[in-house]
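J.: Pasting in a structure now, in structure tokens, and then I'll have a few things to ask.
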Amino acid sequence: MPFTHFWIMQLLTPQSDRAPVRIEGSSDAERYRNTLNRWKAASESQITALEAADWDAFGEAMTYKDEVLVAWGREGIEVATLEKAADAATRGEWAALVEAIGELDAKAADIIQRVMAELRGSLRQFEFERRVMRSYQSLPEQVTPSYHDKKY
901 MPFTHFWIMQ
911 LLTPQSDRAP
921 VRIEGSSDAE
931 RYRNTLNRWK
941 AASESQITAL
951 EAADWDAFGE
961 AMTYKDEVLV
971 AWGREGIEVA
981 TLEKAADAAT
991 RGEWAALVEA
1001 IGELDAKAAD
1011 IIQRVMAELR
1021 GSLRQFEFER
1031 RVMRSYQSLP
1041 EQVTPSYHDK
1051 KY
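The working numbering puts the first residue of the sequence shown at 901, with every later residue one more than the last.
The structure is reproduced here in structure tokens:
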């Protein structure tokens, strides 16, 4: 076996307890289409999880995307070569899938931006309340007159 860097082997190893994702298909073109379909399904799962604020499901969808990416990497297929060999209808189908995935990813990014903005707002409010409580707790039990109060 040729020498392979440790980090490359980590990339090619699935990170979940599930069996490695296998890309089905009798031809390279079919495997590419199946990969795009799986990626699209994972993106749809991400959006569903984000809308439901189900962070476990969101994490699973992200892990699945990683596993699909690893499986595609194991295939060793050159997309540029595939596109040159494919007919116009097939290229159009692939382009439609890629466009749909792009739209789903943009929607997911928008949802994530909104969640992050809400989280930042909540953290600011929490920090303000914490400062108020800290200043309240730092007051002495009995407020004693100051030097100026005693003087007059």
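Ideal placement from N, C-alpha and C gives every residue a C-beta, glycine not left out.
Looking only at C-alpha atoms, which of ALA929, GLY925, GLU924 sits nearest to THR981?
T.: ALA929
J.: Return the Cβ separation of ALA1000 and LYS940 in integer angstroms, given the expectation that the two are a contact with Cβ distance under 8 Å.
T.: 6 Å
J.: Determine whether the beta carbon atoms of GLU967 and VAL921 lie at a separation below 9 Å.
T.: For the 9 Å CB-CB criterion, GLU967 and VAL921 form a contact.
J.: Taking the C-alpha atoms as reference points, what is the distance between PHE1026 and ARG1020?
T.: 10 Å
J.: In three-state terms, what does DSSP make of GLU978?
T.: coil
J.: Measuring only the C-alpha atoms, how far is TYR964 from ARG933?
T.: TYR964 and ARG933 have their C-alpha atoms roughly 17 Å apart.
J.: Determine the extent of the alpha helix (DSSP H) in which ARG938 is found, giving its start and end residues.
T.: ARG938 -> alpha helix (DSSP H) spans 928-951.
J.: Which whole-angstrom value is the C-beta distance of ALA1008 and SER943, which I expect to be below 8 Å?
T.: 7 Å
J.: Given LEU936, which residues of its chain have a CB within under 8 Å of its CB, disregarding the five upstream and five downstream residues?
T.: TRP994, LEU997, VAL998, ILE1001
J.: Taking all protein chains shown into account, decide if GLN1013 is buried (16 or more other Cβ within 10 angstroms of its Cβ) or exposed.
T.: exposed
J.: Look up ALA986 in the DSSP assignment and say whether it is helix, strand or coil.
T.: In the three-state DSSP reduction, ALA986 falls in the coil class, being neither helix nor strand.
J.: In three-state DSSP terms, what is ILE923?
T.: coil
J.: Please report the Cβ distance between ALA952 and ALA961, rounded to the nearest whole angstrom; I am assuming they are in contact, meaning their Cβ atoms lie under 8 Å.
T.: ALA952 to ALA961, Cβ: 12 Å. No contact.
J.: Compare the beta carbon distance of ARG1058 and ILE977 with 9 Å and say whether it is the shorter of the two.
T.: As shown, the chain starts at 901 and ends at 1052. That puts residue 1058 outside it, with no answer to give.
J.: With DSSP as the reference, label ASP954 as helix, strand or coil.
T.: coil
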